[in-house]
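Participant: Residue 1 is where the sequence shown starts when you use the UniProt record's numbering, and the numbers rise one by one after that.
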Amino acid sequence: MPETLAAPPFTARIVERLGVSPTSRRERVIHSLDGLEAPVTPQNLATTGACLWQRVQHHVAEELGPVDFLLGLDAGGILPTVSLAAAAQLPYKIAWKLHLPLDGAVRFSEPHAMRTDVFAYGITPGQRIILVDDEVTTGRTLANLTQALREAGAIPLAATCLVEDTTRGARRLLNEDLGLPLIALTTIEAEA
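If you want it as structure tokens, here you go:
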């Protein structure tokens, strides 16, 4: 399995998923905020959000300009979005796998999920948004979201995550192909 590079107290690793269908992803990134292996304290949640916000500011602060809100992804992106919003003192929204009759709907795809359709609501032209998820592997979900937001006239400024699996090409897709900076709190690197 790949090794993890992380600054304590945040850790992440890849584990094999048991009992999945042949079309599903066989591995899963687990991390310190998901509550799978150990309870998460409010302090750990706050510290992780603060560390992530410091990384965002360090890597793209000059290019960001004003930010209208954070847009997190259902379900794994909820906790990092809330912790980042608290640290940055920014409002947030969550994109859900719910098709509802709400204004400003932007539909995009999460290709590796059982239910692939995801919806962000209340999106209007000119909104300046930072995208948030817990883990990024291929980057296709964030790429699909970025393209859908741009088509709606919104401005995705950057994507941020707790864990980037660098073995799957997300950084190239997002940074180079789409011009969307990807900022990760930690990375999972390929084995040497």
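Here a beta-carbon is modelled for each residue, glycine too, at the ideal position from N, C-alpha and C.
Let's test the definition: count the other Cβ atoms within 10 Å of the Cβ of His31 and tell me whether it reaches 16, buried, or not, exposed.
Facilitator: By the 10 Å Cβ count, His31 comes out buried.
Participant: Per DSSP, which residues does Ser109 bridge with? Please list them.
Facilitator: Partner(s): Asp117.
Participant: If I'm right that residue 204 touches Gly139 with Cβ under 8 angstroms, what's the distance once you round it to whole angstroms?
Facilitator: No answer is possible for residue 204: it lies beyond the span of the chain, which begins at 1 and ends at 192.
Participant: Scan the stretch 111-190 and note each continuous alpha helix (DSSP H) run of 4 residues or more that stays entirely inside, going in chain order.
Facilitator: You should have 140-151.
Participant: Can you list, in chain order, the residues of its chain with a C-beta nearer than 8 angstroms to that of Val118? Leave out the 5 residues immediately preceding and following it.
Facilitator: Excluding sequence neighbours, Val118 sits near Leu73, Asp74, Ala95, Trp96, Lys97, Arg107, Phe108, Ser109, Glu110, Thr141, Leu145.
Participant: Rounded C-beta distance between Ile155 and His59? I'm assuming under 8 angstroms.
Facilitator: Going by Cβ atoms, the distance from Ile155 to His59 rounds to 18 angstroms, so no, they are not a contact pair.
Participant: Just the Cα atoms here: how many angstroms apart are His112 and Asn175?
Facilitator: Each residue's Cα considered, the two are about 21 angstroms apart.
Participant: Identify, in the order they occur along the chain, each residue of the same chain with its Cβ nearer than 8 angstroms to the Cβ of Arg115, setting aside the five sequence neighbours on each side.
Facilitator: Taken in chain order, the residues that qualify are Lys97.
Participant: Three-state secondary structure (DSSP) at Arg17?
Facilitator: Looking at Arg17 - three-state DSSP - the assignment turns out to be coil, as it is neither helix nor strand.
Participant: How is the alpha helix (DSSP H) around Leu45 delimited, first residue to last?
Facilitator: 42-64 is the span of the alpha helix (DSSP H), which, as asked, contains Leu45.
Participant: Beta-carbon within less than 6 angstroms of Gly49's beta-carbon, same chain only, minus the 5 sequence neighbours each way: which residues are those?
Facilitator: Once the five neighbours on either side are set aside, the close Cβ partners of Gly49 are Ser83, Leu84, Ala86, Ala87.
Participant: Whose CA, out of Thr41, Ala143, Asp34, Gly77, lies closest to the CA of Gly179?
Facilitator: Taking only the C-alpha atoms, the option nearest Gly179 is Ala143.
Participant: Going by DSSP in three states, Leu36 sits in which element: helix, strand or coil?
Facilitator: If DSSP states are grouped into helix, strand and coil, Leu36 belongs with coil.
Participant: Roughly how many angstroms lie between the CA atoms of Asp68 and Arg28, to the nearest whole one?
Facilitator: Each residue's Cα considered, the two are about 31 angstroms apart.
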